[in-house]
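Residue numbers (our numbering): 28 to 347.
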């Protein structure tokens with residue numbers, strides 16, 4: 028059973044116990060009628076015995092009584108349910124043995140270590156000297172980062188240094204806020220893919236699960252463009268909904284990322300750098316998490332979901 032079903036069954040069990048204490052099960056049994064074929068001897072309507080006055084359903088207002096559940100009691104019940112859910116998730120029996128704050132800190136530290144490892148692996152160039160590197164070296168760097176398709180251009184005279192540098196990320200410092208974009212800020216393509224996939228999805232768990240599944244199948248733009256069976260993509264991201272629309276946006280983004288001489292993003296529909304599926308939210312995320320524009324950016328209406336990170340980044344910049 029799912030956690031939701033277990034919680035629902037626990038509610039049903041408590042309701043049954045409460046009804047038994049009130050004696051309502053005996054009344055229910057008295058009210059029941061056997062409709063089997065072997066029981067046809069009764070005639071007319073069988074009236075149940077009257078319900079005792081003290082068991083009749085009447086509102087507290089009618090009975091001029093104080094409400095049984097005040098705001099404090101309801102809040103306490105809600106807190107108890109939250110703690111119960113936490114214990115079930117952690118598979119523990121004794122609440123006193125769990126330090127939730129410590130667990131959250133440990134999880135956050137582990138996530139930050141993971142992001143630091145990712146950045147150390149993805150940000151540095153394999154090129155020793157950027158000023159003297161040849162075009163072939165820059166082309167090899169493009170292939171190393173984004174797959175064979177990145178270096179397969181038939182265009183003569185492509186400036187491979189500009190090609191690579193326009194796609195490099197300059198992520199901001201890691202925050203204690205644990206934004207999903209921070210996990211993918213070291214790579215521009217991944218960050219924009221994540222924005223397309225997380226858009227219009229409220230469940231954090233679903234977003235994490237589906238985005239991770241997508242990058243497990245397609246670690247590079249080349250891997251995605253080489254896919255011939257779109258059912259594999261659907262299997263990874265279908266829980267997010269709007270599959271056809273997301274697939275078109277992913278294809279448009281990845282094609283532009285691989286083919287453009289210089290890669291850039293612009294939410295203006297009239298701009299040549301407008302990419303399907305990348306609106307204000309994607310653009311603001313790109314600027315904040317790949318260009319470190321948090322200290323100076325003026326967020327659009329679509330960028331409100333990352334306002335907390337921008338506020339944090341501005342405070343860090345002011346303290347530097």
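We put the beta carbon where it would ideally sit given N, CA and C, even for glycine.
Just so you know, these numbers come straight off a predicted model, no measurement behind them.
### Query
I think residue 302 touches residue 280, with their Cβ atoms under 8 Å apart; what is that distance to the nearest whole Å?
One-based indexing of the chain shown puts residue 302 at position 275. One-based indexing of the chain shown puts residue 280 at position 253. Right, the Cβ-Cβ distance comes to about 5 Å (below 8 Å), so this counts as a contact.
### Query
At which residue ranges does the stretch 255-289 contain complete alpha helix (DSSP H) runs of 4 or more residues, listed in the order of the chain?
257-264, 270-286
### Task
Please list, in chain order, all residues of the same chain as residue 44 whose beta carbon is under 8 Å from its beta carbon, the five residues on each side excluded.
Locating residue 44 in the chain shown gives position 17, where the first residue counts as 1. Because residue 44 carries a pLDDT of 45, less than 50, the predicted location of this residue cannot be relied on, and the following value inherits that uncertainty. Excluding positions up to five away in sequence, the list is empty.
### Message
So, for residue 245: in the same chain, excluding its five sequence neighbours on each side, which residues have a beta-carbon less than 6 Å away from its beta-carbon?
### Response
On the chain shown, position 218 is the one that residue 245 refers to. These residues qualify, in order along the chain: 251.
#### Entry: Rounded straight-line distance, which links the Cα of residue 184 to that of residue 358
Any property of residue 358 remains undetermined from this structure, which presents the chain solely from 28 to 347.
#### Entry: Where residue 186 sits in the DSSP three-state scheme
As a working note, residue 186 is residue 159 in the chain shown. It is coil, neither helix nor strand.
### Task
Please report how far the alpha carbon of residue 276 lies from the alpha carbon of residue 223, in whole angstroms.
Position 249 of the chain shown, counting from 1, holds the residue named residue 276. Position 196 of the chain shown, counting from 1, holds the residue named residue 223. Cα to Cα, residue 276 sits roughly 7 Å from residue 223.
#### Entry: Contact set for residue 285: own chain, Cβ-Cβ below 8 Å, skip 5 residues either direction
Locating residue 285 in the chain shown gives position 258, counting from the first residue. Same-chain partners within the cutoff: 173, 176, 177, 248, 249, 252.
### Task
Identify whether residue 326 lies in helix, strand or coil by the three-state DSSP scheme.
The residue given as residue 326 occupies position 299 in the chain shown. DSSP places residue 326 in coil when its eight states are reduced to three.
### Message
Below 8 Å, how does it come out for the stretch 192-203 and the stretch 219-235: are there three or more Cβ pairs, yes or no?
### Response
no
### Task
Apply the 10 Å Cβ neighbour rule to residue 257 and answer buried if 16 or more other Cβ atoms are within range, or exposed otherwise.
Reading the chain shown from its first residue, position 230 is the one you call residue 257. Exposed, because fewer than 16 other Cβ atoms sit within 10 Å of the Cβ of residue 257.
### Message
Could you check if residue 288 belongs to the surroundings of the ligand FMN, using beta carbon to heavy atom distance under 7 Å?
### Response
The model on display carries no ligand, and the ligand FMN is accordingly not part of it.
### Query
Which same chain residues, not among the five before or five after residue 233, have their C-beta less than 8 Å away from its C-beta?
Start at 1 with the first residue of the chain shown, and residue 233 comes out as number 206. Only 266, 267 meet the Cβ criterion.
### Message
Output needed for residue 310: all residues of its chain with C-beta closer than 6 Å, excluding positions within five of it in sequence on either side, in chain order.
### Response
Locating residue 310 in the chain shown gives position 283, counting from the first residue. Closer than 6 Å at the Cβ level, and outside the excluded window around residue 310, lie 292, 294.
### Contact check, residue 228 vs residue 317, beta carbons under 8 Å
Position 201 of the chain shown, counted from the first residue, corresponds to residue 228. Position 290 of the chain shown, counted from the first residue, corresponds to residue 317. In this structure, residue 317 does not lie closer than 8 Å to residue 228 by Cβ.
### Task
Classify residue 201 as helix, strand or coil using the three-state DSSP reduction.
The residue given as residue 201 occupies position 174 in the chain shown. Three-state result, residue 201: coil.
### Task
Label residue 297 either buried or exposed according to how many other C-beta atoms from any shown protein chain fall within 10 Å of its C-beta, with 16 as the threshold for buried.
Taking the chain shown and counting its residues from 1, the one referred to as residue 297 is at position 270. Looking at its Cβ environment, which holds fewer than 16 other Cβ atoms inside 10 Å, residue 297 is exposed.
### Query
Can you give the Cα-Cα distance for residue 205 and residue 341, rounded to whole angstroms?
Start at 1 with the first residue of the chain shown, and residue 205 comes out as number 178. Start at 1 with the first residue of the chain shown, and residue 341 comes out as number 314. If I take the Cα positions, the gap works out to 17 Å.
### Query
If you follow the alpha helix (DSSP H) that residue 312 is part of, which residue opens it and which one closes it?
Along the chain shown, one-based indexing puts residue 312 at 285. Element bounds for residue 312: 307-317.
#### Entry: Which of helix, strand or coil DSSP assigns to residue 341
Translated into the one-based positions of the chain shown, residue 341 becomes position 314. DSSP places residue 341 in helix when its eight states are reduced to three.
### Task
Report yes if the CB atom of residue 261 is closer than 8 Å to the CB atom of residue 242, and no otherwise.
Taking the first residue of the chain shown as 1, we reach residue 261 at position 234. Taking the first residue of the chain shown as 1, we reach residue 242 at position 215. No, Cβ-Cβ distance for residue 261 and residue 242 is not below 8 Å.
### Query
Got a sec? Which residues, its chain only, sit under 7 Å from residue 330 by beta carbon, not counting five neighbours each side?
In the chain shown, counting from the first residue as 1, residue 330 sits at position 303. Around residue 330: 307, 308, 311.
### Query
For the putative contact between residue 165 and residue 191, defined by C-beta atoms under 8 Å, what is the C-beta separation to the nearest angstrom?
If you number the chain shown from 1, residue 165 lands on position 138. If you number the chain shown from 1, residue 191 lands on position 164. Contact flag correct, Cβ pair sits at about 5 Å.
### Query
How many Å lie between residue 282 and residue 171 at the Cα?
Counting from one through the chain shown, the residue named residue 282 turns up at place 255. Counting from one through the chain shown, the residue named residue 171 turns up at place 144. Distance between the alpha carbons of residue 282 and residue 171 is about 18 Å.
### Task
Would you kindly check if the distance between the Cβ of residue 193 and the Cβ of residue 290 is under 8 Å?
Locating residue 290 in the chain shown gives position 263, where the first residue counts as 1. Locating residue 193 in the chain shown gives position 166, where the first residue counts as 1. In contact: residue 290 and residue 193 (Cβ atoms closer than 8 Å).
### Query
With a CB to CB cut of under 7 Å and the five nearest residues on each side skipped, what residues in its chain are close to residue 332?
Walking along the chain shown from the start, residue 332 turns up at place 305. Contacts found: 308.
### Task
Please determine, among 155, 162, 207, the residue with the shortest C-alpha to C-alpha distance to residue 135.
For the purposes of this step, residue 135 is identified with residue 108 of the chain shown, where counting begins at 1. Answer by Cα proximity: 207.
### Task
Just the C-alpha distance for residue 148 and residue 235, rounded to the nearest angstrom, thanks.
Here residue 148 refers to the residue found at position 121 when the chain shown is read from its first residue. Here residue 235 refers to the residue found at position 208 when the chain shown is read from its first residue. Approximately 21 Å, taken between the alpha carbons.
### For residue 247, the three-state DSSP class (helix, strand or coil)
The residue you call residue 247 lines up with position 220 of the chain shown. Here residue 247 sits in coil by DSSP.
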